[in-house]
Amino acid sequence: MYRTHTCGELRLENQGNEVTLAGWVQRKRELGGMTFVDLRDRYGITQLVFDENSSDAITSQLKKLGREFVIQATGLVRERSSKNKNIATGEIEIDVKELKVLSPSVVPPFTIEDESDGGDDIRMKYRYLDLRRTPVRENLILRAQMAHAVRSYLNEQDFIETETPVLIKSTPEGARDFVVPSRMNEGEFYALPQSPQQFKQLLMVAGFDRYYQIVKCFRDEDLRADRQPEFTQIDCEMAFVEQEDVLSTFEGLTKYLFKAVKNVEITDFPRMPYSEAIANYGSDKPDTRFEMLIKDISEVVKGKDFKVFDDAEFIGAISAEGCANYTRKQLDALTNWVKRPQVGAKGLVYVKCNEDGSYKSSVDKFYSQEDLQQWASICNAKAGDLILVLSGDKSAMLYALGALRLEMGKQLGLMDKNTFKPLWVVDFPLLEWDEESQRHYAMHHPFTSPKAEDIHLLDSEPGNVRANAYDLVINGVEIGGGSVRIFDSELQAKMFSLLGFTKEEAEAQFGFLMNAFKYGAPPHAGIAFGFDRLVSLFAGLDSIRDVIAFPKNNAGRDVMIDSPSPIAIEQLDELSLKLNVKPQDN
RNA sequence: GGUGGCGUAGUUCAGUUGGUUAGAAUGCCGGCCUGUCACGCCGGAGGUCGCGAGUUCGAGUCUCGUCGUCACCGCCA
Numbered sequence: 001m002y003r004t005h006t007c008g009e010l011r012l013e014n015q016g017n018e019v020t021l022a023g024w025v026q027r028k029r030e031l032g033g034m035t036f037v038d039l040r041d042r043y044g045i046t047q048l049v050f051d052e053n054s055s056d057a058i059t060s061q062l063k064k065l066g067r068e069f070v071i072q073a074t075g076l077v078r079e080r081s082s083k084n085k086n087i088a089t090g091e092i093e094i095d096v097k098e099l100k101v102l103s104p105s106v107v108p109p110f111t112i113e114d115e116s117d118g119g120d121d122i123r124m125k126y127r128y129l130d131l132r133r134t135p136v137r138e139n140l141i142l143r144a145q146m147a148h149a150v151r152s153y154l155n156e157q158d159f160i161e162t163e164t165p166v167l168i169k170s171t172p173e174g175a176r177d178f179v180v181p182s183r184m185n186e187g188e189f190y191a192l193p194q195s196p197q198q199f200k201q202l203l204m205v206a207g208f209d210r211y212y213q214i215v216k217c218f219r220d221e222d223l224r225a226d227r228q229p230e231f232t233q234i235d236c237e238m239a240f241v242e243q244e245d246v247l248s249t250f251e252g253l254t255k256y257l258f259k260a261v262k263n264v265e266i267t268d269f270p271r272m273p274y275s276e277a278i279a280n281y282g283s284d285k286p287d288t289r290f291e292m293l294i295k296d297i298s299e300v301v302k303g304k305d306f307k308v309f310d311d312a313e314f315i316g317a318i319s320a321e322g323c324a325n326y327t328r329k330q331l332d333a334l335t336n337w338v339k340r341p342q343v344g345a346k347g348l349v350y351v352k353c354n355e356d357g358s359y360k361s362s363v364d365k366f367y368s369q370e371d372l373q374q375w376a377s378i379c380n381a382k383a384g385d386l387i388l389v390l391s392g393d394k395s396a397m398l399y400a401l402g403a404l405r406l407e408m409g410k411q412l413g414l415m416d417k418n419t420f421k422p423l424w425v426v427d428f429p430l431l432e433w434d435e436e437s438q439r440h441y442a443m444h445h446p447f448t449s450p451k452a453e454d455i456h457l458l459d460s461e462p463g464n465v466r467a468n469a470y471d472l473v474i475n476g477v478e479i480g481g482g483s484v485r486i487f488d489s490e491l492q493a494k495m496f497s498l499l500g501f502t503k504e505e506a507e508a509q510f511g512f513l514m515n516a517f518k519y520g521a522p523p524h525a526g527i528a529f530g531f532d533r534l535v536s537l538f539a540g541l542d543s544i545r546d547v548i549a550f551p552k553n554n555a556g557r558d559v560m561i562d563s564p565s566p567i568a569i570e571q572l573d574e575l576s577l578k579l580n581v582k583p584q585d586n
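Numbering-wise (the UniProt record's numbering), the first sequence opens with residue 1 and increments by one.
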């Protein structure tokens, strides 16, 4: 036994007890004749006291102590003469009788404090030190609590937690696969799962009825603050259910998590068709914490000799509340912002709705006060508001207006991290057209069932077929998504042909699933939540890296262990691999 | 693949129009200090200005390239 108590639990009622604590030296304060040491572990901080009465042995040990030394101290708990109300153990201290250095520390490269002086780079390189810091540790504790809550909810609902293989088979659809060469099968590769999709459907065929798993998934695509090459899903599938059953079950899970983990009651849980999300928010993951909806003003702005609008496919606007007083400089900044290639607008037209009821716009030459009043009325803009107008190709401008809306929401402080607005986005298109390869791709995945009422459109206008697919969106973050699956092998074959697979290709890639469906497949549907995103949302963070113990950087590198890395030629030989790395030009 | 930001002491940053010996805070080391808790006071050490080329009498500063890192677009069924 290295300790009798943790550094977070001793109180005044322990006064007089002899205790042994072990932990890290947070800080040493020498005041000449006496010295204080803050001893830290994951539970808290306890103050150790040494004075002139301490033995020479202790004094010489004490002299050597530096930050992050691991020590063990034994002594009596006593009341402090001057108390610290800021920490839980602030009324007591340990009068140390024995001191042992268990493990010394070199000087750490940054301070191990709530507000560290270290930047991201160095904290990632020394992640094991960063994890000692309370805010980082608390994020991971939150993650553990949430995983626990997910399991208790789903177990309670009779879901069976089942593991599925990590070494599986590469499929052409979807994201790029991470692949693993097989030593025993020369020239052949496993793939790491992008999700356990086909296995969970097979578990439904197997009669498991309700499956879940908190599981790692892998996608070899470029990364973002909210995307890691390996990430964790709460993966679920249910048999003998319709879309509504899945939505209500996982609405239940979401509400349960908010209540159990954050003590937040979620009452409103709207559904929004995909088409409405795109039209009003310019996004399939609308942030509904604030309004500022996109309005189509194409009809009323055309025919006034303003060529830019007359030639545009679509003219859309949003109204930013209380921004009529924006200066020329602010408007120029916004204009530059929307003209960035990432947003892609050609320019920005504004209308200031002045407090006196008049309107001042950048296109006054073409539009009368009455015209502008009409715009304002469509945009629900009142005196003091600023209308921002973009024009151009419809889908591009909806996207740009959506981005501008979020930017304005951010500038106006409308995105409160403690407000949570979940919704289901439903009725996604089944397919999306890819210009480059001139074919349709499954928007969700190839096993997603079309809506029954749209099946007749599959041949005539496949692009307009809606799917029984749904996403859970909270505060503009895509938390999860799923679909009702096809369980009819004929319809599945039809889907494969729409996606441009020959019978043989479909057989080679997905034969095992299609075979399974021949043996009595129950109607089934499923969903997966991005667990990292959900935790970061709960923690009020923008990057999922902060809720992952050992994350990777933008380029998919782990800067702590320095991976990925080359392997020995012998390893390559054993795997029957030859490298073909292109030389750098220069 | 593309766009942009950043890279200066262990760390976080400042560094003017290109001009003498590159600064601050913090951390670190030494000294003093018996109630501190971001202890205080005094002193000290610490720099390949990411790397490479170029412009210039002269580059931390300007140009180009490159590497690293972050954010975004493409991509992510």
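Ideal Cβ placement from N, Cα and C applies to all residues, glycine included.
The structure displayed is predicted, hence computed values, not measured ones.
Query: Cβ-based neighbour list, Gln432, same chain, cut-off 6 Å, excluding 5 preceding and 5 following; Result: The residue you asked about is not Gln; residue 432 is Glu in the sequence shown. The answer, listed in chain order, is Tyr441, Met443.
Query: Where the alpha helix (DSSP H) containing Thr134 begins and where it ends; Result: 134-156
Query: Span separating the alpha-carbon of Ser105 from that of Asp130; Result: 15 Å
Query: Rounded distance between the beta-carbons of Met124 and Asn553, thought under 8 Å; Result: 7 Å
Query: First through last residue of the beta strand (DSSP E) which encompasses Lys360; Result: 359-361
Query: Local Cβ density within 10 Å of His445, reported as buried at 16 or more and exposed below that; Result: buried
Query: Euclidean distance between Cα positions of Asn586 and Lys255; Result: Low confidence applies to Asn586: its pLDDT is 36, below 50, so where it sits in the model is not reliable, and the reading given next is rough at best. Going from the Cα of Asn586 to the Cα of Lys255 covers about 57 Å.
Query: Asp532 and Thr232 closer than 8 Å at C-beta; Result: yes
Query: Alpha helix (DSSP H) runs wholly inside the region 506-568, at least 4 long, in chain order; Result: 531-539
Query: Terminal residues of the alpha helix (DSSP H) in which residue 619 lies; Result: Past the edges of the chain, shown from 1 to 586, lies residue 619, and the structure says nothing about it.
Query: Environment of Ile45 [buried if 16+ CB atoms lie within 10 Å]; Result: buried
Query: Length of the line joining the Cα atoms of Asp38 and Ile141; Result: 23 Å
Query: Coarse secondary structure for Lys259, derived from DSSP in three states; Result: helix
Query: Chain-order list of residues whose beta-carbon lies under 7 Å from that of Leu457 (same chain, five-residue window excluded); Result: Asn464, Val465
Query: Per-residue DSSP class, three states only, for Ser54; Result: coil
Query: Coil, strand or helix - Asp585 by DSSP; Result: Only weak support is given to the placement of Asp585: the predicted model assigns it a pLDDT of 42, under 50, and the value that follows is read from those uncertain coordinates. Three-state DSSP puts Asp585 in coil, outside helix and strand.
Query: Cβ-Cβ distance between Ala320 and Leu386 below 8 Å; Result: yes
Query: Buried or exposed (CB count within 10 angstroms, at least 16 for buried), Arg405; Result: buried
Query: Alpha-carbon to alpha-carbon, Gln509 and Leu21; Result: 59 Å
Query: The region 227-246 contacting the region 189-204, beta-carbon criterion three pairs below 8 Å; Result: yes
Query: Bridge partner(s) assigned by DSSP for Glu231; Result: With the sequence shown as reference, residue 231 is identified as Phe, and Glu is not the correct amino acid for it. Its beta-bridge partners are Cys217.
Query: Contacts around Gly90, its chain only, beta-carbon distance under 6 Å, and the 5 residues preceding and following it disregarded; Result: Lys83, Asn84
Query: Stretch pair the region 283-303 + the region 313-329: three plus CB contacts closer than 8 Å; Result: yes
Query: Minimum C-alpha distance to Ile294 - residue among Phe36, Phe208, Met397, Gly75; Result: Met397
Query: Beta-carbon proximity check, Ser391 vs Phe309, cutoff 8 Å; Result: yes
Query: Spatial distance of Val179 from Tyr190 (CA atoms); Result: 6 Å
Query: C-alpha distance - Ala381 paired with Lys451, whole-angstrom precision; Result: 38 Å
Query: Backbone secondary structure at Gly252 - three-state DSSP; Result: helix
Query: Close-in-space but distant-in-sequence residues of the same chain around Trp5 (CB under 7 Å, 5 per side omitted); Result: The sequence shown places His at residue 5, not Trp. Excluding positions up to five away in sequence, the list reads Val19, Leu21.
Query: Tyr190 - containing beta strand (DSSP E), residue span; Result: 189-191
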